[in-house]
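Chemist: The structure that follows is given in the form of structure tokens.
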Amino acid sequence: MSSLLLSRLSRLCLRKPPALEVKKYLCGARFLSETSICRIVRADHCQYSSRDESVGKLVIRNVKHGSDEEVLEKMVPTELMTGEGTIGASHGWVATLKERVVCLQDDLNPRASDSDPKRISLPRLETLPHCQTQLVTNVAMSSSSPEDEDCILAVKFVGPQLSLCRPAEKDKKWVNIRIEDPGFFNSRVMYSKRDEMFSMLDCGGTHIGYWDLEKHRSCNLAFCSYYYTEFLQSELQQLSKCYSSQHLVEAPTGETFIVKWYSDVRCWKRFIVFKIQEDEICSAISITNIGDLCIFLSSKGEPFSVKASLYGLKPNYIYYVGDFDFGKVNIRENVWVGGLGFSPAPYFIPPQSS
122 MSSLLLSRLS RLCLRKPPAL EVKKYLCGAR FLSETSICRI VRADHCQYSS
172 RDESVGKLVI RNVKHGSDEE VLEKMVPTEL MTGEGTIGAS HGWVATLKER
222 VVCLQDDLNP RASDSDPKRI SLPRLETLPH CQTQLVTNVA MSSSSPEDED
272 CILAVKFVGP QLSLCRPAEK DKKWVNIRIE DPGFFNSRVM YSKRDEMFSM
322 LDCGGTHIGY WDLEKHRSCN LAFCSYYYTE FLQSELQQLS KCYSSQHLVE
372 APTGETFIVK WYSDVRCWKR FIVFKIQEDE ICSAISITNI GDLCIFLSSK
422 GEPFSVKASL YGLKPNYIYY VGDFDFGKVN IRENVWVGGL GFSPAPYFIP
472 PQSS
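Residues in the sequence shown are numbered consecutively from 122, following our numbering.
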């Protein structure tokens, strides 16, 4: 069984030998065939499909074009538009969980076929002792499609269990990892292209853990110091009263950010962005300028970042969708533009290539 691999934050600049052959990506390049980034809004129910399931027309919002909703001809199962309909999303694929079976679906991808949707069912989950496999924090994939031979899916459950599986393998099987450090029990998983491993930020924001299918050793992490360069103590005390979540984001430039998302009574309150400095002493410095980048966060999806100029977006913005609100925020000015309302499928669909 694979085990947890932890690496000192102060040594993140050192490249680990790849345990997996993951397809390389082109930093800062956009393919002409790529779609725009969109947010899932809802599905307007209209009929029943040949599979005897309720379906509706997919409604999206193109993040470049602002607040205009676009009703597509694409039909999607309306059961995906409920609070419990999905457990997470990565690279435009949503994951469902029914009777301990995880299924990957491309139904919510506007570019995917509605007449022949792709659905990949995985083996029944095995629950490790003193763990549970019903409540999920999120999912992440190591490549853009689960049909890729080397793609690995990670499912992070609330509690100690992390489960990995190769969806494209003929004889699929789960590799279940028990995480010993309780600081990671409620963490969200993401895939680091730079380190070619799955990573998580602990609840205190001071440790980053790395996992894959091969490593069998662990080491202690150094403490990561946070520096709030442009905040008054009174502001931080006010934010401490809010609900907060922490998100690890890797940019196409290779930089790594920690975003603290503060909300109050189901609504956004503030983002604070930290850049991880990979010096001899690890530190996370609050910044208000991330350059020609945009960050996309959602309450259930895997975070991602793009170069703003490649997609016609304004730089230095965070786009987000929560369970009950959505919007975009200028990081420097902390100016919010958005709206309120329940998001049944709180996901962004990243750029898709044909």
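Where is the CB? At the ideal position from N, CA and C, for every residue including glycine.
Small disclaimer: the values here were computed from a predicted structure and weren't measured.
1) Is it buried or exposed for Gln473, if we count other Cβ within 10 angstroms and need 16 for buried?
2) From Thr217 to Val427, what does the alpha carbon distance come to, in whole angstroms?
3) Under the rule that 16 or more other beta-carbon atoms within 10 Å means buried, what is Glu317, buried or exposed?
4) What is the C-beta distance between Lys421 and Pro467, in whole angstroms, given that I count them as a contact (C-beta under 8 Å)?
5) Does the pairing of the region 383-392 with the region 321-338 give three or more beta-carbon distances under 8 Å?
6) Please report the straight-line C-alpha distance between Ser366 and Val442, rounded to a whole angstrom.
7) Is the region 409-419 close to the region 448-464, with three or more CB pairs under 8 Å?
8) With a floor of 3 residues, list each beta strand (DSSP E) that falls wholly inside the region 237-261, ordered by position along the chain.
9) Can you check whether the CB of Ile208 is closer than 8 Å to the CB of Val184?
10) Please return the same chain residues whose Cβ sits closer than 6 Å to the Cβ of Met321, not counting the five positions on each side in sequence.
11) Between Thr203, Ser234, Glu220 and Gly204, which lies nearest to Gly213 when the distance is taken from Cα to Cα?
12) Grab me the residues of Pro238's own chain with a C-beta within less than 7 Å of its C-beta, minus the 5 sequence neighbours each way, in chain order.
13) With a 10 Å radius around its C-beta and 16 neighbouring C-beta atoms as the bar for buried, classify Phe378 as buried or exposed.
14) Does the beta carbon of Asp237 sit closer than 8 Å to a beta carbon anywhere in chain B?
15) Based on the DSSP secondary-structure assignment, which residues constitute the bridge partners of Phe469?
16) So, does the region 239-250 touch the region 279-296, judging by three or more C-beta pairs under 8 Å?
17) Give the straight-line distance between the Cα atoms of Arg182 and Ile161, rounded to the nearest whole angstrom.
18) Compute the Euclidean distance between the alpha carbons of Lys277 and Gln255, then round it to the nearest angstrom.
19) Is Pro303 helix, strand or coil by DSSP?
20) DSSP three-state call for Thr409: helix, strand or coil?
21) Who are the Cβ neighbours of Phe425 in its own chain at under 6 Å, not counting the five residues just before and after it?
22) My understanding is that Ser404 touches Tyr349, with C-beta atoms under 8 Å, so please give their C-beta distance in whole angstroms.
23) Based on the DSSP output, what are the partners of Gly460 in its beta bridges?
24) Going by C-alpha to C-alpha distance, which of Cys252, Glu200, Lys291 and Asn259 sits closest to Ile241?
Modeler: Short version:
1) Your numbering for residue 473 matches position 352 in the sequence shown. Gln473 is classed as buried because its beta carbon has at least 16 other beta carbons within 10 Å across all chains shown.
2) The residue labelled residue 217 in the question sits at position 96 within the sequence shown. The residue labelled residue 427 in the question sits at position 306 within the sequence shown. When rounded, the distance between both Cα atoms is 26 Å.
3) Numbered from 1 along the sequence shown, position 196 holds the residue referred to as residue 317. Burial call: buried.
4) The count along the sequence shown starts at 1 and reaches residue 421 at position 300. The count along the sequence shown starts at 1 and reaches residue 467 at position 346. By a beta-carbon distance limit of 8 Å, Lys421 contacts Pro467. Their separation comes to about 5 Å.
5) Three or more Cβ pairs closer than 8 Å define a contact, and the region 383-392 falls short of that threshold against the region 321-338.
6) In the sequence shown, residue 366 corresponds to position 245, counting from 1. In the sequence shown, residue 442 corresponds to position 321, counting from 1. Taking the CA atoms as reference points, Ser366 sits about 13 Å from Val442.
7) Touching, yes, given that three or more Cβ pairs across the two stretches are closer than 8 Å.
8) Runs of the beta strand (DSSP E) inside the region 237-261: 240-245.
9) Within the sequence shown, numbered from 1, the residue matching residue 184 stands at position 63. Within the sequence shown, numbered from 1, the residue matching residue 208 stands at position 87. Judged by their CB atoms, Val184 and Ile208 are not nearer to each other than the 8 Å cut-off.
10) Along the sequence shown, one-based indexing puts residue 321 at 200. The residues are Phe305, Ser308, Val310 and Gly330.
11) Within the sequence shown, the letter at position 92 stands for residue 213. Residue Ser234 is the option with its Cα nearest to Gly213.
12) Stepping through the sequence shown from its first residue, residue 238 is reached at position 117. Residues Gln226, Asp227 and Asp228 of the same chain have their beta carbon placed closer than 7 Å to that of Pro238, with the five preceding and five following residues left out of the count.
13) On the sequence shown, position 257 is the one that residue 378 refers to. Counting Cβ neighbours within 10 Å, Phe378 comes out buried, since at least 16 surround it.
14) Among the protein chains of the structure shown there is no chain B, as only one such chain exists.
15) In the sequence shown, counting from the first residue as 1, residue 469 sits at position 348. The beta-bridge partner set that DSSP reports for Phe469 consists of Arg160.
16) Three or more Cβ pairs drawn from the region 239-250 and the region 279-296 lie within less than 8 Å of each other, which places the two stretches in contact.
17) Taking the sequence shown and counting its residues from 1, one reaches residue 182 at position 61. Taking the sequence shown and counting its residues from 1, one reaches residue 161 at position 40. Cα to Cα, Arg182 sits roughly 7 Å from Ile161.
18) Taking the first residue of the sequence shown as 1, we reach residue 277 at position 156. Taking the first residue of the sequence shown as 1, we reach residue 255 at position 134. The straight-line gap from Cα to Cα measures roughly 11 Å.
19) Mapped onto the sequence shown, residue 303 falls at position 182. Shown here, Pro303 sits in a helix according to DSSP, grouped into three states.
20) Sequence index remark: in the sequence shown, residue 409 carries index 288 (1-based). In the displayed model, Thr409 falls within coil according to three-state DSSP, outside both helix and strand.
21) Here residue 425 refers to the residue found at position 304 when the sequence shown is read from its first residue. Here the set comprises Phe417 and Pro471.
22) Indexing the sequence shown from 1 puts residue 404 at position 283. Indexing the sequence shown from 1 puts residue 349 at position 228. Rounded, the Cβ-Cβ distance is 12 Å, inconsistent with contact.
23) Mapped onto the sequence shown, residue 460 falls at position 339. Phe447.
24) Start at 1 with the first residue of the sequence shown, and residue 241 comes out as number 120. Among Cys252, Glu200, Lys291 and Asn259, the Cα nearest to that of Ile241 is on Lys291.
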